[in-house]
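When we follow our numbering, the leftmost residue of the sequence shown carries the number 397, and every step to the right adds one. Backbone N, C-alpha and C fix where the C-beta goes; we use that ideal spot for every residue, glycine too. What you are looking at is a predicted structure, and each value in this text was computed from that prediction instead of being measured. Note sheet for the following structure.
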Amino acid sequence: IIRVAFQALAAVLGGTQSLHTNAKDEALALPTEESVLLALRTQQIIAHESGVANTIDPLAGSYLIESLTSRIEEEASDYIKKIDEIGGAVGAVEKGFFKKEIEESAYRYQKEIESGRRKLVGVNIYPEGDGMRYEILKVRPEVEVSQKERLIKIKKTRNKKRIDDLLEKLKTEAKGDGNLMPVIIELVRLRATIGEISDALREVFGEHKD
Numbered sequence: 397i398i399r400v401a402f403q404a405l406a407a408v409l410g411g412t413q414s415l416h417t418n419a420k421d422e423a424l425a426l427p428t429e430e431s432v433l434l435a436l437r438t439q440q441i442i443a444h445e446s447g448v449a450n451t452i453d454p455l456a457g458s459y460l461i462e463s464l465t466s467r468i469e470e471e472a473s474d475y476i477k478k479i480d481e482i483g484g485a486v487g488a489v490e491k492g493f494f495k496k497e498i499e500e501s502a503y504r505y506q507k508e509i510e511s512g513r514r515k516l517v518g519v520n521i522y523p524e525g526d527g528m529r530y531e532i533l534k535v536r537p538e539v540e541v542s543q544k545e546r547l548i549k550i551k552k553t554r555n556k557k558r559i560d561d562l563l564e565k566l567k568t569e570a571k572g573d574g575n576l577m578p579v580i581i582e583l584v585r586l587r588a589t590i591g592e593i594s595d596a597l598r599e600v601f602g603e604h605k606d
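Written out as structure tokens, the structure reads:
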């Protein structure tokens, strides 16, 4: 909760145009109404109580911020050049570059925590027993049953032949250079499922495997 509040404040100080504050239980399950409200209130307090949103670029002129901005810009430019040399974004994906970078970054981060080089309050400094426990949202079984019944009803009443024809058209378009969106939009309007649309595209493009 505290980290999210500081991160949100940092985003506003940095001039963000869009902000999402994670609910405290979002990593465990669908957020509860109480945790969603708390996340919303975090934004509202920053917006209406802190005063930082009342001026454009409140950290303007800060030597630290300006130097960090220049450093990020320089390092980002070097990184983009590196990706271009590999063959661009597509080439980098095909060579497993992004996957390797993410894995190595996660490994370094975890290693820093376990070695104590990176301090995380409540994790590797000032730990407190088993940590805090939250009541997570539990979806009632009847909700799942109701949704299944609704899906069965939709599949029975929709125009299956038209959907099948459009799925074939989607595959044909995917094999060429056609625009897939008009076909997908029409499929959605006819109540085709995401799974059905994805399966049709998988037949053409396959699945990415390492």
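When DSSP states are grouped into helix, strand and coil, V519 belongs to the coil group. With 16 or more other CB atoms across the displayed protein chains lying within 10 angstroms of its CB, T417 is buried.
The region 408-416 makes contact with the region 437-455; the number of CB pairs closer than 8 Å reaches 3 or more. Counting C-beta pairs closer than 8 Å gives three or more between the region 561-581 and the region 591-600, which meets the contact rule. Between G492 and H444, the alpha-carbon positions lie close to 45 Å from each other.
Distance from the CA atom of L415 to the CA atom of A404, rounded to whole angstroms, is 7 Å. Annotation for I479: A485 and A488 place their beta carbon closer than 7 Å to its own, counting only its chain and skipping 5 residues before and after. For E524, the secondary structure class from DSSP, reduced to helix, strand or coil, is coil. At the C-beta level, A435 and A419 come within 8 Å of one another. Contact check for T428 against E531 passes: the beta carbons are separated by less than 8 Å. DSSP, read as helix, strand or coil, puts K549 in helix. Sequence-distant Cβ neighbours of L424 in its own chain, meaning closer than 6 Å and more than five residues away, are I532. Every alpha helix (DSSP H) stretch that sits fully inside the region 465-539 and reaches 4 residues is listed by chain position as 484-490 and 493-511. Where D595 is concerned, the enclosing alpha helix (DSSP H) starts and stops at I590 to F601.
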